[in-house]
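The structure appears below as structure tokens.
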Amino acid sequence: MSGKNITFEDYMEMIKMYAPCMDDYPYVMDLERDVYYISEKAVDRFNIPGAFFDNAIKTHGEFVHKDDVAVLTKDLNDMMEGKKKVHDITYRWLDHNNRPIWINCRGRVIEGDGDRPRMLIGCVNEVGIVAKADNNSGLLQTSEMRQLVEQKAAMGELGFVLRIGIDGFKDINEKFGIRYGDYILSSVADCIVESLNENQHAYHAVADEYMIVDTASGSAEDGHELYRRIRRALDRLIEKNNYEAVYTISGGIVPCQDNDAFRYEKILKLSTFALQQAKDGGRNRVYVFSEDDYNSFLRKRNILTNVRKSVNEDFKGFEVFFQPLMTAGDNDDEARLYAAECLLRYQTWDGERISPIDFIPILEETGLIIPVGRYVLEQAALMCKKMQMVYPDFKVSINLSYVQILKSAILEDIFNILAKYGLKPESFVVEITESGYLENSMSVRRVWDSLKRIGVLIALDDFGTGYSNLSSISNFTPDYVKLDRGFTVKALNNSYENTLMKHIIDLVHSVELKIVVEGVETEDELHRLNIMEPDYIQGYFYSKPCCRTEFFERYGVA
Ligand code: C2E
Ligand code: CA
Ligand code: CA
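Note that the sequence shown covers residues 52 to 609 in the numbering used here.
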């Protein structure tokens with residue numbers, strides 16, 4: 052049925068019949084005569100002159116919110132002129148108290164002979180009812196933002212998008228209750244609305260997040276300014292409420308100018324990222340979207356997907372490499388193989404090699420370092436067992452992350468693996484980096500002491516970087532102190548660090564601990580370092596980390 056033969060009056064009769072059993076408001080508009088009929092119920096609800104009225108386009112001006120008249124008129128004219136066949140816009144009608152009510156008006160054009168647009172038939176519904184608006188804040192949901200964003204982007208008028216989130220909102224809800232939480236949500240929304248200019252439009256995004264779209268080509272700096280205005284409004288409100296609840300907001304700005312690729316879905320995604328960056332950066336701040344940051348976020352996410360899959364598929368893609376630690380000394384007789392540091396390697400499912408500097412933090416953040424750490428222990432034990440057939444005192448040195456120490460049964464794991472392979476405890480050296488945890492965590496202390504009690508050796512790793520603290524040497528008494536390559540390089544080039552290094556080596560020796568110097572690359576470096584009499588040397592000069600087979604070959608283990 053094409054509707055070609057049905058008249059405006061027929062539609063009117065149909066609407067009269069079925070509209071009383073609907074919540075929505077069906078209508079018909081005669082595009083040739085510019086007359087309009089809508090369900091009687093709409094007349095009860097909105098400021099409409101009557102169910103039937105002529106001069107339809109102009110009369111809409113009497114009950115449509117003034118800011119929306121232009122958009123609506125253009126759409127209706129386009130349909131009269133045959134430029135559009137479908138009508139679908141969300142805008143505001145006024146009720147009898149002149150309060151704006153968000154409605155969604157949809158319809159389609161019925162054509163007459165020669166495809167001439169004859170009528171528009173459709174239905175109006177109240178957006179709030181289907182949760183397209185947030186009744187608490189009085190704002191539309193972001194799903195209703197699409198039209199504005201796409202229209203303004205096409206016209207080159209889209210400026211920035213600012214996404215605002217309330218910091219620690221969950222805590223506010225828990226502390227003050229849901230009703231107070233709702234009050235804060237609506238207050239923040241009010242502060243946002245009062246800070247907007249006429250070209251900025253606010254929407255409710257999710258629970259405690261709002262989005263503002265600037266449609267006057269505003270820059271990121273304008274976004275900053277808006278954030279500051281909202282902050283000031285909020286501060287005034289908090290003060291007015293006698294600091295009953297003190298809270299802050301974070302903001303993520305996405306500059307959208309000159310970029311037609313910034314469509315609705317992309318804006319939602321990028322603004323979510325931008326706000327998260329502001330929160331991760333310590334909250335109570337604003338962050339401006341950067342392509343580089345986003346790309347590194349995507350890369351991180353991609354690595355995570357890969358490693359997670361690998362962990363679930365028997366660690367496929369992971370491999371442990373080994374780098375020798377040699378006894379120090381200038382001639383070949385003195386430099387003997389002492390141990391090997393186990394260094395994890397990873398290759399994605401596409402075959403891309405990722406540096407441990409990039410994937411270890413991801414394993415730590417997600418806790419995946421716990422299963423992966425067990426895999427490393429197993430590989431280390433296996434290799435050690437075989438090496439000891441030729442070098443009975445050979446040791447493997449294993450890096451332990453604080454996540455393993457604090458969140459897994461690491462002692463039990465080490466104990467079990469030693470038993471499984473029949474290894475002596477002193478075959479294992481665990482490398483623990485210096486950090487705030489060492490001094491301040493009781494659990495770390497407990498693990499440290501227990502490891503020593505079992506007889507596993509401990510190396511204090513990365514000595515000479517950030518956290519270095521001489522007191523940790525005496526408070527924790529490791530078996531080895533590993534001087535970081537960064538420190539070694541400085542000591543080779545700078546007389547102050549050179550003297551410091553000598554003193555550190557002497558000090559470490561005076562409490563009968565051993566020194567490992569890391570990152571020795573050339574013969575000249577080796578020679579100059581040996582003068583300071585460290586105990587062990589590790590570095591590219593002797594060997595880069597290599598796979599197990601290569602290591603066996605190099606040291607004559609079949
Ligand atoms: P790290 O524990 O300080 O390991 C020493 C790093 O220095 C290794 O980097 C090694 O390849 C590199 N290196 C050794 N000799 C030289 C040299 O002569 N010159 C230069 N420029 N570099 C040298 P890699 O293998 O990239 O590992 C980086 C970091 O990743 C390690 O630093 C360690 O913190 C972490 N890591 C590696 N494997 C594991 C693991 O199994 N578990 C944990 N928790 N962390 C690991
Ligand atoms: Ca290490
Ligand atoms: Ca190190």
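The beta-carbon is built from N, C-alpha and C at its ideal position, and this holds for glycine as well.
| Check | Outcome |
| --- | --- |
| Between M196 and Y315, which are expected to be in contact by the criterion C-beta below 8 Å, what is the C-beta distance as a whole number of angstroms? | 7 Å |
| On the criterion of 16 or more Cβ atoms from any shown chain inside 10 Å, does G269 qualify as buried, or is it exposed? | buried |
| Run through the region 433–497 for me and flag every whole alpha helix (DSSP H) of 4 or more residues, listed as ranges in chain order. | 453–458, 461–472, 487–491 |
| For the alpha helix (DSSP H) containing S238, list its first residue and its last residue. | 229–246 |
| What residue range does the beta strand (DSSP E) around L199 cover? | Segment 197–205 is the alpha helix (DSSP H) holding L199; no beta strand (DSSP E) there. |
| Give the secondary structure of M73 by DSSP, where H, G and I count as helix, E and B as strand, and everything else as coil. | coil |
| Can you grab the Cα-Cα spacing for the pair A240 / L355, in whole Å? | 36 Å |
| Quick one: Cα of Y247 to Cα of G232, how far? | First, the residue type needs correcting, since residue 247 is Leu and not Tyr in the sequence shown. The alpha-carbon atoms of L247 and G232 are separated by roughly 23 Å. |
| Under the rule that 16 or more other beta-carbon atoms within 10 Å means buried, what is T573, buried or exposed? | exposed |
| Using the three-state DSSP reduction, which class does Q328 fall into: helix, strand or coil? | helix |
| In whole angstroms, give me the CA-to-CA distance for G189 and V175. | 20 Å |
| Where S522 and S448 are concerned, what is the direct C-alpha to C-alpha distance, given to the nearest angstrom? | 23 Å |
| Distance check for K330 and L349, CA to CA, integer angstroms please. | 18 Å |
| Between which two residues does the alpha helix (DSSP H) holding R167 run? | Premise fails: R167 is in no alpha helix (DSSP H) and is neither H nor E. |
| What three-state label does DSSP hand Q430 in the structure shown? | helix |
| Starting from K134, follow the beta strand (DSSP E) in both directions and report where the run begins and ends. | Counting along the chain, K134 falls outside any beta strand (DSSP E), and DSSP gives it neither H nor E. |
| How do the region 329–344 and the region 389–403 stand: do at least 3 beta-carbon pairs fall below 8 Å, yes or no? | no |
| Opposite D139 in the DSSP bridges: which residues? | R157 |
| Using the C-alpha atoms, what's the distance from I411 back to F340? | 26 Å |
| Residues in its own chain within less than 6 Å of N155 by CB, not counting five upstream and five downstream? | T141, N176, V178 |
| Kindly list the residues whose CB is nearer than 8 Å to the CB of V115, restricted to its own chain and excluding five residues on each side of it in sequence; keep chain order. | L123, Y142, R143, W144, L145 |
| Report yes if the C-beta of D512 is less than 8 Å from at least one heavy atom of ligand 2; otherwise report no. | yes |
| Could you check if E485 belongs to the surroundings of ligand 2, using beta carbon to heavy atom distance under 8 Å? | no |
| Output needed for P22: all residues of its chain with C-beta closer than 7 Å, excluding positions within five of it in sequence on either side, in chain order. | Past the boundaries of the shown model lies residue 22; the chain is included only from 52 to 609, so the question cannot be answered. |
| Could you have a look at R279 and say whether DSSP puts it in helix, strand or coil? | helix |
| Tell me the DSSP bridge mates of S361? | Bridge partners of S361: none, in fact. |
| Using a threshold of 8 Å, is the CB atom of E482 nearer than that to any non-hydrogen atom of ligand 3? | yes |
| Would DSSP call A102 helix, strand or coil? | coil |
| Below 8 Å, can you find three or more Cβ-Cβ pairs linking the region 218–228 to the region 153–172? | no |
| Do the region 92–105 and the region 63–77 touch if we need at least three Cβ pairs shorter than 8 Å? | yes |
| Who does V568 pair with in a DSSP beta bridge? | L534, I588 |
| How would you write the range of the alpha helix (DSSP H) that Y547 sits in, first residue to last? | 546–561 |
| Is E392 close to ligand 2? I mean its beta-carbon at under 8 Å from any heavy atom of the ligand. | yes |
| Applying the 10 Å Cβ sphere with the 16-neighbour rule, what's the burial state of W499? | buried |
| Excluding five sequence neighbours on each side, which residues of the same chain lie with their C-beta closer than 7 Å to the C-beta of N491? | none |
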